[in-house]
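These notes concern the structure reproduced below.
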Amino acid sequence: APLKMDNRDSTERSPLLDSGNRPSPTSVFQGRRLACAAILLAESLERVAFYGITSNLVLFLNNSPFYWEGTEATQALLTFMGITYLISPFGGWLADAYLGKFLTIASSLILYVIGMIFFPFISKDSTRIHLCGEETAFPVQPAECMNNTTPTNVTCPWRRPYCDSVIYIGLVLVALGVGTVKSNITPFGADQYMCRRHPCFLLFNLNMILGFCSGILQFLHLFIRQFTFLFSFSFAQLLFLVVCIAFITSPYQKYIFYIFTSLSHLVAGLEFAYSAAPKSMQSAIMGLFFFFSGIGSFVGSGLLAIVSLKNIGWMSSHKDFGNINGCSLHYYFFLLAGIQGLTLLVFLIVSVKYDKQRSRVGSQRQRYSSS
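Residue numbers for the sequence shown follow my numbering, beginning at 618 and rising by one.
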């Protein structure tokens, strides 16, 4: 006989590893320690793999033998991030309506692994040639093409990004796996903890931050010069402990502030999405939480294309094979800071009105109940 929805929810809230017939646990961890540790470890290693891709990708595509222009490499990263977040509602719907959280997470991890396999292969010369063919040469550019304004009678030849189809296939597969895992593993882990309070989400997201620390290695040029991209993609899972130590002792304190702001944003948002959603829609609501971040990634990709126009010139440097370091990125980041400031202002206005309306409704209910 088919299981009812309540039975399936209770099954997913039970420990992953049966601990036998024991008395009722006195704490949320008793009888569930191994299951909770397995979920936290899986989330940490998944974040290591994810940030190993995102932190490497722009420099990887901007270097030999690909030599993608800075705009092309950055748009590939933004497209990857956008698909990752946009697929989250579908992953939540699949878990809530059909497969359940556990089977959805397991199947998406298989897809995740298949996509990750692409990157060691395209990093190695022998296998990359079989997948992508020989590297294409750069066309000779007329002198007029180096100016901000190109005459109408001059045609500037364009080099297609090398190995772009294979790279995008791998990125899409990884993004599908990441997005599905992202919308389900947080409510699944919260079910194992049997907890709806803030510390549970804080503990869960601290493990995400451990995975995030692995990406800091890619921003430190000293380490990037020591390791090849093949080594970085293949063994990112083994490096995150070393990266955490390097991150704590590094002089790049700005990343610390970024981590704390990201952590506070994730904890508050995930806690609200999980606790306010009905049981049958927890994964779907979690997916919607990430969905709008995906929209932001695609908007950022479009904004990047606009500032790459030659009339603006912030990201249109074609020197040194379009190296992103030859661009005026500081203008772009100041623009992003202004957009975030405007978003903060809108958020404050909406939240103040929401709090006033909620207090008004609460006082009305109290009057009705007392009368």
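C-beta atoms are modelled at their ideal positions from N, C-alpha and C, and glycine is treated no differently.
Measure the alpha-carbon distance for V675 versus Q692 and round it to whole angstroms. Cα to Cα, V675 sits roughly 9 Å from Q692.
Which residues in the same chain as I704 place their Cβ atom closer than 7 Å to its Cβ, once the five residues preceding and following it in sequence are excluded? Taking I704 as the centre and dropping the five residues before and after it, the same chain places the C-beta of A792, L793, G796 and T797 closer than 7 Å to its C-beta, in chain order.
For H838, three-class secondary structure by DSSP: Its pLDDT being 45, under 50, H838 is placed unreliably by the model, and the measurement read from it follows with that caveat. Residue state, collapsed to three classes: helix.
Same chain only: Cβ atoms within 6 Å of L711, ignoring 5 sequence neighbours per side: Hits under 6 Å: T721.
Helix, strand or coil at V963 [DSSP, three-state]: helix
List the whole-angstrom C-beta distance separating L748 from V783, where the pair is believed to meet the contact cut-off of C-beta under 8 Å. The beta-carbon separation of L748 and V783, rounded to 5 Å, stays under the 8 Å limit for a contact.
How big is the Cα-Cα spacing for S980 and G919? 46 Å
First through last residue of the alpha helix (DSSP H) which encompasses D742: Unbroken alpha helix (DSSP H) run through D742: D742 to C749.
Secondary structure at R777, three-state DSSP: helix, strand or coil? coil
Taking three-plus beta-carbon pairs below 8 Å as touching, is the stretch 771–780 in contact with the stretch 736–754? yes
State whether the stretch 731–743 contacts the stretch 945–955, with contact taken as three or more CB pairs (one from each stretch) at a distance under 8 Å. no
Under the three-state DSSP convention, the category M932 falls into: coil
Looking at the structure shown, is C762 part of a helix, part of a strand, or coil, going by DSSP? helix
Please go through the same chain and pick out, in chain order, the residues whose beta-carbon is closer than 6 Å to the beta-carbon of T701, but skip the five residues on each side of it. Listed in chain order, the non-local C-beta contacts of T701 below 6 Å within the same chain comprise A792, V795 and G796, local neighbours out to five positions each way being set aside.
When you compare only the Cα positions, how much space is there between Y949 and L926? 13 Å
Distance between M698 and V967 (C-alpha atoms, nearest Å): 27 Å
For G717, which of helix, strand or coil comes out of DSSP? coil
Between E660, G708 and E689, which has its C-alpha nearest L921's C-alpha? E689
Give the DSSP-derived three-state secondary structure of Y729 in the structure shown. helix
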